[in-house]
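As structure tokens, the structure follows; a few thoughts come after it.
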Amino acid sequence: MTTPLRLGIAGLGTVGVGVIKIVRQKANLLAARTGRPVVITAVSARSKGKDRGVSLDGYAWEDDPVALAKRDDVDVFVELIGGDEGPAKDAVEAAIASGKDVVTANKALLAVHGQALAEAAEASGSLIRFEAAVAGGIPVIKALTEGLAGNGITRVMGVMNGTCNYILTRMQDAGLPYDEVFAEADALGYLEADPNLDVGGIDAGHKLALLSSIAYGTKVAFDGVELEGIQRISIEDINQAEELGYRIKLLGVTQMTGRGLEQRMSPCLVPFDSPLGQLKGGTNMVVIEGDAVEQVVLRGPGAGEGPTASAVMGDVCDVARGLRLPTFGVPAAELEEVTPAQSNSPAPYYLRLQLLDRPGAMAKVTTALGEAGISIDRMRQSQHDGGSAPVLIVTHKTQRSALTAAIEDMQGTGVLENAPVALRIESV
Ligand code: HSE
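For the sequence shown, numbering that gives the first Met the number 0 assigns the number 0 to the initial residue and increments by one for each residue that follows.
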């Protein structure tokens with residue numbers, strides 16, 4: 000009889016319940032695929048009595064996840080608690096110190112403490128696996144570390160927050176303003192307990208920082224991710240972008256350049272007929288570019304019980320099979336220190352202004368752009384509504400710093416009704 004792989008699950012929310020269902024319902028399949036039974040021996044959560052719709056019979060209960068992590072009858076500590084500090088971190092550290100392997104869905108924990116945890120795991124002979132932390136059900140970590148291991152990765156891009164993509168596509172499809180769709184997403188339970196993690200781009204930024212580390216063999220550098228959320232995106236921008244042939248997406252881009260590592264998570268315009276432009280609702284997409292493979296596009300559900308549990312179980316099955324890889328694809332001691340790029344690659348920008356109806360106002364705008372070295376590709380002014388008119392400008396490629404300088408200059412001339420909206424147009 001082969002030795003079973005024994006799981007201890009901490010956190011019995013949506014994902015934990017999904018993992019229990021797979022382990023129970025697919026016991027034979029898992030054993031056939033991994034060569035050994037996969038069983039749950041113990042669980043832990045905040046409330047023991049809660050009805051979760053699955054039986055916990057046969058599993059030992061621990062109130063304290065740290066105690067669960069240290070149990071002798073647990074081989075793999077499955078951390079589904081969340082958060083970059085507190086019980087999740089304490090329990091993962093305890094599991095590693097006890098020589099257990101860890102499977103986690105916790106992007107925040109690894110984005111903030113990934114290097115220290117990877118070093119600790121390698122010192123104790125433990126594994127940390129985190130497929131479920133990035134892009135839900137899409138096996139992107141596996142694709143980067145294994146399937147694409149023969150490539151120098153040149154760029155990774157992704158829409159990796161389903162809630163933001165839901166909000167942006169719902170605004171577009173229903174013609175609704177941001178605040179109304181945000182309230183809908185809240186009522187549907189799509190938002191994190193702290194909604195800023197979603198709409199402020201932080202959750203997606205954590206995921207991007209993890210992908211950067213794996214793609215380039217660098218230490219996780221969440222601090223180096225330039226973050227901008229979707230809170231300022233208006234239905235007007237969505238409609239104008241559509242007329243120009245673009246869609247607005249909260250897009251993550253990580254790219255190693257001669258100037259250092261560029262990591263951005265920000266609302267961008269992408270061509271509406273590109274795979275990213277066509278992405279609807281809560282679905283995620285990751286685009287990986289490698290020097291040998293050229294481009295690979297992965298698309299799938301970014302959250303939810305089945306998809307996230309699927310990713311957790313992919314990791315569990317790898318542990319059961321005996322696959323032992325370093326946390327971020329290369330040994331922690333060999334991960335290089337990141338030099339963040341001090342400026343972004345040049346790109347065309349979308350600029351929307353509300354221009355006051357004064358003689359010479361447009362000249363002031365075009366002069367400000369010209370003096371910053373920015374050339375205009377397209378420009379349109381609509382009819383005045385009261386004392387001002389909307390103006391749309393698409394620039395040729397420019398540095399963001401030059402555009403910022405031009406916008407400050409324009410604002411100083413007093414011809415703008417309010418702050419302009421500037422969004423990068425990403426070539427995908
Ligand atoms: N809140 C995330 C999303 C799921 O909307 O994609 C967990 O990372």
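Cβ coordinates follow ideal geometry from the N, Cα and C atoms, glycine included.
Expected contact under 8 Å - CB spacing of Thr307 and Gly135 to nearest Å:
Yes, Thr307 and Gly135 are in contact; Cβ-Cβ is about 5 Å, under 8 Å.
Below 7 Å CB to CB, which residues in the same chain sit around Thr2 once its five sequence neighbours on both sides are set aside?
Only Arg35 meet the Cβ criterion.
Would you mind giving the Cβ-Cβ distance between Val53 and Val311, rounded to the nearest angstrom? I have them listed as a contact below 8 Å.
With a Cβ gap of about 15 Å, Val53 and Val311 do not count as contacting.
Enumerate, from N- to C-terminal direction, the unbroken alpha helix (DSSP H) stretches of 4 or more residues contained entirely within the region 358-388.
Within the region 358-388, the complete alpha helix (DSSP H) segments of 4 residues or longer fall at 360-370, listed in chain order.
How would you write the range of the beta strand (DSSP E) that Phe76 sits in, first residue to last?
Element bounds for Phe76: 75-78.
Using 7 Å as the threshold, is the C-beta distance between Val337 and Thr144 below it?
At the C-beta level, Val337 and Thr144 stay beyond 7 Å of one another.
Where does Ser344 fall in DSSP's three states?
In the structure shown, Ser344 adopts coil according to DSSP, grouped into three states.
Do Ala404 and Ala371 have their CB atoms nearer than 7 Å?
Yes.
Should Arg128 and Asp376 be called a contact, given that it needs their Cβ atoms to be closer than 7 Å?
Taking a C-beta distance under 7 Å as the contact criterion, Arg128 and Asp376 do not qualify as a contact pair.
Taking 6 Å as the cut-off, is the beta-carbon of Asp197 closer than that to any non-hydrogen atom of the ligand HSE?
For Asp197, the CB falls within less than 6 Å of some heavy atom of the ligand HSE.
Indicate, with yes or no, if the ligand HSE has a heavy atom lying under 6 Å from the CB of Asp74.
Residue side-chain check: Asp74 keeps its Cβ at 6 Å or more from all non-hydrogen atoms of the ligand HSE.
Pair within 7 Å by beta-carbon distance, Ala291 and Leu268
With a cutoff of 7 Å on beta-carbon distance, Ala291 and Leu268 are scored as not near each other.
Beta bridge counterpart(s) of Ser43 as assigned by DSSP
Looking at the DSSP assignment, Ser43 forms a beta bridge with Ala9, Glu61.
Out of Leu402, Lys248, Met264, point me to the one whose CA is closest to Gln254's CA.
Residue Met264 holds the alpha-carbon nearest to the alpha-carbon of Gln254 among Leu402, Lys248, Met264.
Look at the alpha carbon of Arg154 and the alpha carbon of Gly259, and state the distance between them as a whole number of angstroms.
Taking the straight line joining both Cα atoms gives about 13 Å.
Output yes or no for whether 7 Å exceeds the beta carbon distance between Ile95 and Ala66.
Ile95 places its beta carbon 7 Å or farther from that of Ala66.
Looking at the secondary structure, which residues open and close the beta strand (DSSP E) in which Glu225 lies?
224-226 is the span of the beta strand (DSSP E), which, as asked, contains Glu225.
Roughly how many angstroms separate the alpha carbons of Ile424 and Met284, rounded to a whole number?
Taking the straight line joining both Cα atoms gives about 18 Å.
What is the DSSP secondary structure of Leu334, reduced to helix, strand or coil?
Under the three-state reduction of DSSP, Leu334 is assigned to coil, being neither helix nor strand.
Specify, as a first and last residue, the run of the alpha helix (DSSP H) that Gln239 falls within.
Here the alpha helix (DSSP H) through Gln239 covers 234-243.
Would you mind reading off the limits of the alpha helix (DSSP H) that contains Pro306?
Note, Pro306: alpha helix (DSSP H), 304-320.
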